[in-house]
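Q: One structure, as structure tokens, below. Some questions next.
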Amino acid sequence: MRRLLFLLLLTAAAPAADYDLVIRNARIADGTGAPLRAGAVAVKDGRIAAVGAVAGSAAEVIDAGGRVLAPGFVDVHTHSEKIAENPAAENFLRMGVTTIVTGNCGMSRTDVGTFFSELEQAGLSLHVATLIGHGSVREKGMGGRFLRPPNAGQLQAMKDLVDQAMRDGAVGMSTGLIYVPGSFAKTEEILELARVVAAHGGIYASHMRYETDRIFEALEELAHIAREAKIRAEVSHIKLSGPSAWGRASQVLAFLDKARAEGLQITHDQYAYPASSTGLRQTIPDSALEGTREDFAARLDAPERKAAIVEAMKKMLFGRGFKDYGYAVIARYTKHPELNGLNIPAAARKVRGSDSLEDQIELLLDIERQGGGSAVYHSMHEDDLKVFLAHPLTMIASDGGPRRLGEDVPHPRSYGNNARVLGRYVREQKLLTVEEAVRRMSALPAQTFGLRDRGEIRPGAWADLVVFDPDTINDPSTFEDPHHYAVGFSDVLVAGVPVLRDGRLTDARPGGPLRKPSVKD
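Pasting the structure below:
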């Protein structure tokens with residue numbers, strides 16, 4: 419009894435640790451692009467308390483063993499509206515991502531306040547910010563998908579939705595101008611909504627109207643909106659799609675550099691793969707998709723209208739420099755999952771007994787009639803990718819979402835994007851330095867999207883931190899076999915709490931919604 423009392427008194431008298439956690443023996447890439455430097459980082463109450471030669475005690479110590487310590491990566495282009503169903507988001511953590519921005523390409527929850535409340539209740543491993551999606555706002559404000567401008571009342575309803583979303587903490591507005599119903603919108607409609615976003619200090623992020631050989635028309639539209647709305651603008655997943663567009667990356671960057679020199683605040687993001695992924699309906703002309711799927715089916719049942727749709731599909735295909743749909747590989751087709759992983763000619767051969775272009779088109783139309791599906795499109799060129807990646811304002815963003823191992827045949831970017839940059843383009847090809855790659859994944863996106871006190875290792879910043887080995891970091895996820903986590907990240911902290919420790923997922927869920935304060939509030 420006396421011994422127990424003595425131990426209790428000794429414990430009570432013991433001074434509290436100076437820090438909650440210290441990471442020692444690290445090579446620090448602080449997010450600014452500054453050279454790596456040896457040192458330690460101390461964490462207290464979720465924030466970075468000291469950097470460099472840290473003295474004092476800690477409740478927990480992580481020995482980085484000479485590995486790189488960097489700010490947690492900020493992925494500004496994700497599609498994670500359903501993250502509450504997969505709150506661990508392990509695929510993001512294992513490639514060093516601690517903050518994501520969802521609501522991209524014009525698609526989002528329109529009830530941002532409710533969305534954030536649901537995220538708080540779900541208990542997330544990482545931080546989530548959101549954009550308000552123009553396409554989702556348009557569909558709700560107009561009561562459907564219409565190939566016409568909104569009337570005055572509908573436009574006001576859309577502006578009210580955007581205004582409320584910004585008051586609820588959205589970081590800006592996104593457009594998906596190749597997707598119905600966003601593709602139905604004229605520039606003036608988007609500009610009106612962008613002015614609402616600008617009044618709150620938000621950003622305009624656009625999946626532009628064209629990424630083909632007409633990309634300069636799309637860039638002009640984006641620059642016009644940025645100029646007239648006086649808003650910061652972001653080119654989502656910058657790319658050149660289709661052989662007819664390849665080889666123009668330097669011209670695209672020259673356009674953007676000129677716009678910036680003229681005073682426009684325009685940035686861009688990119689994923690590190692020469693293939694995109696989106697719905698199979700993108701092979702079908704937008705006019706055929708107006709309204710409901712029942713409307714679409716009725717058009718197919720009218721021989722003359724169907725013939726016009728087929729001709730338009732061929733024109734779109736040939737105009738991009740393709741002879742068939744062999745570049746498109748089915749990622750998810752719920753009605754017939756046995757087709758997942760097959761390209762369209764192979765799937766047509768399996769389903770229809772022929773891989774003729776006509777049978778490929780019939781398959782695509784039938785997939786849309788039966789509820790739709792998604793695909794990976796091998797439509798980009800590695801040379802263009804590298805030109806874009808070398809530009810100092812190119813942020814690294816996955817265009818992915820939370821993944822479950824073994825589900826569908828998705829694009830590997832959701833598993834390996836950041837690791838691929840650090841392995842393939844930093845270590846192997848030396849296109850970027852470690853320090854510069856880290857800056858593109860942390861400080862640059864955090865600053866661009868107004869995520870205060872994130873993306874840098876400095877006293878006072880939030881302690882979102884990652885430890886990785888630059889010599890072993892790799893992305894084993896492939897297009898044929900995508901369900902593999904990135905390797906090389908040993909520890910990941912969110913708000914100072916380890917969510918990945920010694921390579922193992924913990925039970926901690928310190929993340930949650932990030933609300934951007936409105937400048938109007």
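Just remember that my numbering sits 418 ahead of the position in the sequence shown, which is counted from 1. Just so you know, even glycine gets a beta-carbon here, dropped at the ideal spot from N, CA and C.
(1) Whole angstroms are fine: how far does the CA of Glu538 sit from the CA of Pro599?
(2) Check the C-beta distance from His552 over to Leu611 and give it rounded, since I have them as a contact under 8 Å.
(3) Using a Cβ-Cβ cutoff of less than 6 Å, which residues in the same chain neighbour Pro894 once the five nearest sequence positions on both sides are dropped?
(4) Given Leu428, which residues of its chain have a CB within under 8 Å of its CB, disregarding the five upstream and five downstream residues?
(5) Quick one, are the C-beta atoms of Val910 and Leu918 less than 7 Å apart?
(6) What is the DSSP secondary structure of Ser832, reduced to helix, strand or coil?
(7) Between Ser662 and His625, which are expected to be in contact by the criterion C-beta below 8 Å, what is the C-beta distance as a whole number of angstroms?
(8) Determine the direct distance from the alpha carbon of Thr593 to that of Val479, and round the result to whole angstroms.
(9) In the DSSP assignment, find the unbroken beta strand (DSSP E) run with His686 in it and report its ends.
(10) At what residues does the beta strand (DSSP E) containing Val747 begin and finish?
(11) Val530 and Asp448 - do their beta-carbons sit closer together than 7 Å?
(12) Does the beta-carbon distance from Leu637 to His809 come in below 7 Å?
(13) Can you tell which of Arg876, Glu898 and Ser936 has its C-alpha closest to the C-alpha of Ala458?
(14) So for Ala570, helix, strand or coil by DSSP?
(15) For Arg420, count neighbouring Cβ atoms within 10 angstroms of its own Cβ and tell me buried if that reaches 16, exposed if not.
(16) By how many angstroms is the C-alpha of Arg842 removed from the C-alpha of Leu803?
(17) Would you call the region 816 to 823 in contact with the region 504 to 520, where contact means no fewer than 3 C-beta pairs closer than 8 Å?
(18) Could you give the C-beta distance for Ala765 and Arg512, rounded to a whole number, given that I count them as a contact under 8 Å?
(19) Distance, Cα to Cα, Gly619 vs Met859?
(20) At which residues does the alpha helix (DSSP H) containing Ser554 begin and terminate?
(21) In terms of residues, what are the limits of the alpha helix (DSSP H) holding Lys733?
(22) Please name the residue in Leu782, Arg717, Arg465 and Arg870 whose C-alpha comes closest to that of Gly700.
(23) Under a three-way DSSP split, which group does Met576 fall into?
(24) Identify whether Pro755 lies in helix, strand or coil by the three-state DSSP scheme.
(25) Could you have a look at Phe867 and say whether DSSP puts it in helix, strand or coil?
(26) With respect to the beta strand (DSSP E) encompassing Arg445, which residues constitute its N-terminal and C-terminal limits?
(27) Less than 7 Å between C-beta atoms, sequence neighbours within five positions excluded: which residues of the same chain meet that for Gly906?
(28) Classify Asp463 as buried or exposed, calling it buried when 16 or more other Cβ atoms lie within 10 Å of its own Cβ.
(29) If distances are taken between C-alpha atoms only, which option among Leu707, Gly737, Val546 and Ser535 comes closest to Arg632?
(30) If you draw a straight line from the alpha carbon of Lys657 to that of His497, how long is it in whole angstroms?
(31) Would you check if the distance between the CB atom of Phe364 and the CB atom of Gly514 is smaller than 7 Å?
(32) Select from Arg645, Pro863, Leu840 and His796 the residue whose C-alpha is nearest the C-alpha of Ala547.
(33) Any idea what DSSP makes of Phe409, helix, strand or coil?
(34) Report all residues from its chain with a CB closer than 8 Å to the CB of Ile684; omit the five preceding and five following residues, and keep chain order.
(35) Please check the pair Ala913 and Pro900, which I expect to be a contact at CB under 8 Å, by giving their CB distance rounded to whole angstroms.
(36) Could you pull out every unbroken beta strand (DSSP E) segment of at least 3 residues lying fully inside the region 465 to 526, listed in chain order?
A: From the atom records:
(1) For the purposes of this step, residue 599 is taken as the residue at position 181 of the sequence shown. For the purposes of this step, residue 538 is taken as the residue at position 120 of the sequence shown. Between Pro599 and Glu538, the C-alpha separation is close to 30 Å.
(2) Residue mapping note: residue 552 aligns to position 134 of the sequence shown, counting from 1. Residue mapping note: residue 611 aligns to position 193 of the sequence shown, counting from 1. Confirmed, about 6 Å.
(3) Locating residue 894 in the sequence shown gives position 476, counting from the first residue. Within the same chain, Pro894 has close Cβ partners His902.
(4) As a first step, residue 428 is located in the sequence shown; it is residue number 10 there, counting from the start. Any reading at Leu428 must be qualified, since the residue scores a pLDDT of 42, below 50, and its modelled position is unreliable; no value is offered.
(5) The residue labelled residue 910 in the question sits at position 492 within the sequence shown. The residue labelled residue 918 in the question sits at position 500 within the sequence shown. Yes, these two residues count as a Cβ contact at 7 Å.
(6) What you label residue 832 is simply residue 414 of the sequence shown in a count that begins at 1. Of the three classes helix, strand and coil, the one that applies to Ser832 here is helix, per DSSP.
(7) Indexing the sequence shown from 1 puts residue 662 at position 244. Indexing the sequence shown from 1 puts residue 625 at position 207. With a Cβ gap of about 19 Å, Ser662 and His625 do not count as contacting.
(8) Counting from one through the sequence shown, the residue named residue 479 turns up at place 61. Counting from one through the sequence shown, the residue named residue 593 turns up at place 175. Annotation: Val479 to Thr593 spans about 44 Å, alpha carbon to alpha carbon.
(9) Counting from 1 along the sequence shown, the entry for residue 686 is found at position 268. Element bounds for His686: Ile684 to Gln688.
(10) For the purposes of this step, residue 747 is taken as the residue at position 329 of the sequence shown. Residues Ala746 to Arg750.
(11) Residue 448 sits at position 30 when you count from the first residue of the sequence shown. Residue 530 sits at position 112 when you count from the first residue of the sequence shown. In this structure, Val530 does not lie closer than 7 Å to Asp448 by Cβ.
(12) Numbered from 1 along the sequence shown, position 219 holds the residue referred to as residue 637. Numbered from 1 along the sequence shown, position 391 holds the residue referred to as residue 809. No; because the gap between Cβ atoms is not below 7 Å, this pair is not in contact.
(13) As a position in the sequence shown, residue 458 is number 40, starting the count at 1. That would be Arg876, whose Cα lies nearest to the Cα of Ala458.
(14) For the purposes of this step, residue 570 is identified with residue 152 of the sequence shown, where counting begins at 1. In the three-state DSSP reduction, Ala570 falls in the helix class (H, G or I).
(15) Counting from 1 along the sequence shown, the entry for residue 420 is found at position 2. Any answer about Arg420 is weak, because its pLDDT of 43 lies below 50 and its placement is not dependable; what the coordinates show is given next. Exposed.
(16) Translated into positions along the sequence shown, residue 803 becomes position 385. Translated into positions along the sequence shown, residue 842 becomes position 424. Looking at the two C-alpha atoms, the distance is approximately 13 Å.
(17) yes
(18) Numbered from 1 along the sequence shown, position 347 holds the residue referred to as residue 765. Numbered from 1 along the sequence shown, position 94 holds the residue referred to as residue 512. Wrong, their Cβ atoms sit about 31 Å apart, outside the cutoff.
(19) Locating residue 619 in the sequence shown gives position 201, counting from the first residue. Locating residue 859 in the sequence shown gives position 441, counting from the first residue. Cα to Cα, Gly619 sits roughly 22 Å from Met859.
(20) As a first step, residue 554 is located in the sequence shown; it is residue number 136 there, counting from the start. First-last of the alpha helix (DSSP H) with Ser554: His552 to Met560.
(21) As a working note, residue 733 is residue 315 in the sequence shown. Looking at the DSSP string, the run of the alpha helix (DSSP H) that includes Lys733 is Pro721 to Gly737.
(22) Here residue 700 corresponds to residue number 282 of the sequence shown, with the count starting at 1. Correcting the residue type first, residue 700 is Gln in the shown sequence and not Gly. When each option's Cα is compared against that of Gln700, the closest is Leu782.
(23) Sequence index remark: in the sequence shown, residue 576 carries index 158 (1-based). Here Met576 sits in helix by DSSP.
(24) The residue you call residue 755 lines up with position 337 of the sequence shown. If DSSP states are grouped into helix, strand and coil, Pro755 belongs with the helices.
(25) Your numbering for residue 867 matches position 449 in the sequence shown. DSSP places Phe867 in coil when its eight states are reduced to three.
(26) Within the sequence shown, the letter at position 27 stands for residue 445. Its beta strand (DSSP E) spans residues Tyr437 to Ile446.
(27) If you number the sequence shown from 1, residue 906 lands on position 488. Cβ within range, chain order: Ala837, Phe886, Asp887, Thr890, Ile891 and Asn892.
(28) Counting from 1 along the sequence shown, the entry for residue 463 is found at position 45. It is exposed - the Cβ of Asp463 has fewer than 16 other Cβ atoms within 10 Å.
(29) As a position in the sequence shown, residue 632 is number 214, starting the count at 1. Of the listed residues, the one whose Cα sits closest to Arg632 is Gly737.
(30) As a first step, residue 657 is located in the sequence shown; it is residue number 239 there, counting from the start. As a first step, residue 497 is located in the sequence shown; it is residue number 79 there, counting from the start. Near 18 Å, if we compare the C-alpha coordinates of His497 and Lys657.
(31) Nothing about residue 364 can be read from this structure; the chain reaches only from 419 to 939.
(32) Here the question's residue 547 lines up with position 129 in the sequence shown. The shortest Cα separation from Ala547 among Arg645, Pro863, Leu840 and His796 belongs to Pro863.
(33) Outside the modelled stretch of the chain, which goes from 419 to 939, sits residue 409, for which no answer is possible.
(34) By 1-based counting over the sequence shown, the position of residue 684 is 266. The beta carbon of Ile684 is closer than 8 Å to those of Leu640, Ala641, Ala644, Arg650, Ala651, Glu652, Val653, Leu674, Ala677 and Arg678 in its chain, skipping five residues each way along the sequence.
(35) Residue numbering aside, residue 913 sits at position 495 when the sequence shown is read from its first letter. Residue numbering aside, residue 900 sits at position 482 when the sequence shown is read from its first letter. Actually they are not in contact, since the Cβ atoms of Ala913 and Pro900 sit about 30 Å apart, beyond 8 Å.
(36) 465 to 470, 476 to 481, 486 to 489, 491 to 493 and 515 to 520
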